[in-house]
Amino acid sequence: MLKFVKGHMESITGIEIYPLISLLIFFIFFVTLFYWVFTAKKEYINTVSNLPLDNQNDTQL
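Going by the numbering used here, the first residue of the sequence shown is number 116, and it counts up by one from there.
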């Protein structure tokens, strides 16, 4: 099965760029997320973390 897939992949020209693009997207996403986590304001983090516990907006059936 792997030989079948590998044979088709080798016949496609320019396919070697796709793993590099996906790695670059993955890396940029997590670096950006890492930056956002460390630069987020503490008030925002506290507000968002308390949202599941906030019962003021719940409606009773």
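Backbone N, C-alpha and C define an ideal beta-carbon position, used for all residues, glycine too.
{"Asked": "Which runs of the beta strand (DSSP E) fall wholly inside the segment 129–153 and span at least 3 residues, in chain order?", "Found": "none"}
{"Asked": "Since residue 132 and residue 124 are thought to touch, with beta carbons under 8 angstroms apart, how far apart are those beta carbons, to the nearest angstrom?", "Found": "About 13 angstroms separates the two Cβ atoms, so there is no contact after all."}
{"Asked": "Measure the C-alpha to C-alpha separation of residue 168 and residue 162 and round it to an integer number of angstroms.", "Found": "10 angstroms"}
{"Asked": "Between which two residues does the alpha helix (DSSP H) holding residue 117 run?", "Found": "117–126"}
{"Asked": "Using three-state DSSP, classify residue 165 as helix, strand or coil.", "Found": "coil"}
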